[in-house]
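Using our numbering, the first residue of the sequence shown is number 6, and each one after it goes up by one. A quick write-up on the structure given underneath.
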Amino acid sequence: MGAYKYVEELWKKKQSDVLRFLLRVRCWEYRQLPGIIRLTGPSRPDKARMLGYKAKQGFVIYRVRVRRGGRKKPVSKGIVYGKPVRQGITQLKPTRNLKSVAEERAGRKLGGLRVLNSYWVNQVHFYCLVNLYRLCTFRLFARIRS
Numbered sequence: 006m007g008a009y010k011y012v013e014e015l016w017k018k019k020q021s022d023v024l025r026f027l028l029r030v031r032c033w034e035y036r037q038l039p040g041i042i043r044l045t046g047p048s049r050p051d052k053a054r055m056l057g058y059k060a061k062q063g064f065v066i067y068r069v070r071v072r073r074g075g076r077k078k079p080v081s082k083g084i085v086y087g088k089p090v091r092q093g094i095t096q097l098k099p100t101r102n103l104k105s106v107a108e109e110r111a112g113r114k115l116g117g118l119r120v121l122n123s124y125w126v127n128q129v130h131f132y133c134l135v136n137l138y139r140l141c142t143f144r145l146f147a148r149i150r151s
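See the structure below:
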């Protein structure tokens, strides 16, 4: 087996002592950093390469932090009009998953880059962290996918 296969097997067992310690330490570090931050390389190189990332010009990696949990309906003073079935405020669940929310937030902040793919990195009580890699559309090297 190659090195990437060993790393992949390690990430499959998230309850192991090694990975639990690694995730706990990284999670503390990620909480101190901004919500959207550019990285020099992928946190999980095996997963990034599996999803199409290449270490060449034009490919950039960002980590995005998204709040977990339900969403509250934005109504003034808690007054909801209409039928009683539509009167819920607090126990609403978001329709889109956190990965797509992270991709959209990064897309809004980084307009010139295109999202290629993303993967889960870590999560805590109230944050979910997603690595996503983007393609710089201006670079000819990156457009010629070989």
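Ideal Cβ positions, reconstructed from N, Cα and C, are used throughout, including at glycine.
Three or more pairs of CB atoms, one per stretch, sit closer than 8 Å, so the stretch 63–82 contacts the stretch 124–139. For V85, the secondary structure class from DSSP, reduced to helix, strand or coil, is coil.
For V80, no alpha helix (DSSP H) run applies, since DSSP gives it neither H nor E. Taken atom to atom, the span from the alpha-carbon of L27 to that of G83 is near 43 Å. With contacts defined by Cβ atoms closer than 8 Å, Y58 and Y138 form a contacting pair. Rounded to whole angstroms, A60 and L97 show a C-alpha spacing of 41 Å. In summary, V85 is exposed, with fewer than 16 beta-carbon neighbours lying within 10 Å of its beta-carbon over all protein chains present. For L118, the enclosing beta strand (DSSP E) starts and ends at L118 to Q128. Leaving aside the five residues that flank S21 on each side, the residues in its chain whose CB is nearer than 8 Å to its CB run, in chain order, L15.
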